[in-house]
Amino acid sequence: MDRRNFFQGSALMSTGALLGCATPGIAQQKVKTPFDVPQVYIPVVGSDEMFPVRRIYCIGRNYAAHAREMGSDPTREPPFFFQKPTDAIQYVATGTVANHPYPPLTKNYHYEAELVAALGKGGRNIPVEKALELVWGYTLGLDMTRRDLQRAMGDEKKPWEIGKSFDMSAPIGALHKLASIGHFTQGSIWLKVNGQVKQNSDLKNMIWSVAEQISKLSEAFELFPGDIIYSGTPENVGPVVRGDTIEMHIDRLPNLSVKIV
Ligand code: MN
C-alpha cells in the first residue's frame, strides 16, 4: 500500500466508522487528487492506533490570574475560542526533547502550558452534564504564541491568527485513552524553562472546566470525533529564545519537553 492509499484508507475508515454520516465538504469516497495532503495523527499510548486530528480548538484566558495578566477581567467574560490548523501539531514523544524551531516574524515568543482533551464523539448543544461523554482521551501540549504579533493585531482590532495559528505552534504529547487515564479536574500543572519554574498552578483553577468548555464550544460549532481542545494556560506566560529548553508537567501525564532552535 503506498502512502496515498494509506492516508486515504485511514480517512475513509474513520469517517465511515466514527461519523456515520456525511460531513459537508469532505469527500466520502476515494477521489483522484493532483498531490497528497497527509492527515495529521497523534500516537496513542499503549496502542498501535493513531488518533486522527480533525480540528484544534483553543480556549483563551481560562485561568483568572492569566486573564488578569492579559489585561481582562475574568469575572465578566464568557469563554472564547480560537483555532489552530491541524498541521500546527508537533508530536513530542515521551522521554525525548524535540527541537522546536523559533518561528519567523516574532521577537517575543511565548510558551503556554495546557491540558488537552481529545474527542471521540461529537454533537451540537451538548449539556455540561453530558459533555465528558465526548472525551476520548487526554494529553498535554504547548499553545506557542507570537505574543508581539497577537498583541499588535489585537490593538488594531484585527484577527490574532498570525500570533497563534502558525506552523509548529502546537507541540503535543502522546494521547492517553480515557479508560487508562481518567478525567482531569484538578492536579498540578507547571512549566519550567532551563529548569527554572515559570508557570505553576492547578487544573482546579480553570474558570471553565473541560465539560463546560465542550458544552460552550458545541453551541458555536458542531463537534466531531477527532477534535481536540487546548484548555487554556495558567498565569506567568513568558518568552523563550533559541537554546532554551521548555519542560511542562501535568500530574498523571508524562512530561513534555522541547528545545527552541
Ligand atoms: Mn492558550
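The sequence shown begins at 181 in my numbering and counts up by one.
Even for Gly, the Cβ is constructed at its ideal location relative to N, Cα and C.
Please name the residue in the options whose C-alpha comes closest to that of residue i.
i, options, result
"R248", "Q330, E415, K210 and G423", "E415"
"L314", "I239, R326, K357 and Q366", "K357"
"R451", "P284, H246 and I430", "Residue 451 falls outside the range modelled here, since the chain spans only 181 to 441, and no answer is possible."
"T160", "D267, A354, A245 and K210", "Missing from the structure shown is residue 160; the chain here goes from 181 to 441 and no further."
"R331", "M324, G343 and G321", "G343"
"G423", "N374, L433 and S395", "N374"
"P405", "V390, A297 and L383", "A297"
"G275", "M428, A311 and F231", "M428"
"R235", "G302, V420 and I430", "G302"
"V421", "H290, Q219 and V220", "H290"
"Y243", "Q376, E257, P232 and F231", "E257"
"E292", "V417, I430, I440 and Y282", "V417"
"Y318", "V438, T255 and D431", "D431"
"V448", "E229, T266, V225 and G226", "Residue 448 is absent from the structure shown; the chain starts at 181 and stops at 441."
"L322", "L329, F346, D328 and V308", "F346"
"G300", "V224, A268, P259 and L320", "V224"
Taking DSSP's pairing of strands, which residues face residue i in a bridge?
i, result
"D431", "Answer is none; D431 lacks a bridge partner."
"T319", "V296"
"F364", "Note: F364 sits in no beta bridge, so no partner."
"P281", "According to DSSP, which records beta bridges pairwise, P281 is partnered with nothing at all."
"R327", "Its beta-bridge partners do not exist; DSSP assigns none."
"L371", "Q379 and M428"
For the putative contact between residue i and residue j, defined by C-beta atoms under 8 angstroms, what is the C-beta separation to the nearest angstrom?
i, j, result
"Q263", "M348", "So it is not a contact: roughly 16 angstroms between Cβ atoms."
"I387", "P254", "6 angstroms"
Is it buried or exposed, residue i, if we count other Cβ atoms within 10 angstroms and call 16 or more buried?
i, result
"A359", "exposed"
"N305", "exposed"
"N279", "exposed"
"G226", "exposed"
Is the Cβ of residue i closer than 7 angstroms to any Cβ of chain B?
i, result
"Y410", "You won't find chain B in this structure, because it holds only one protein chain."
Heavy atoms of the ligand MN versus C-beta positions, residues under 5 angstroms: E292, D323 and T413
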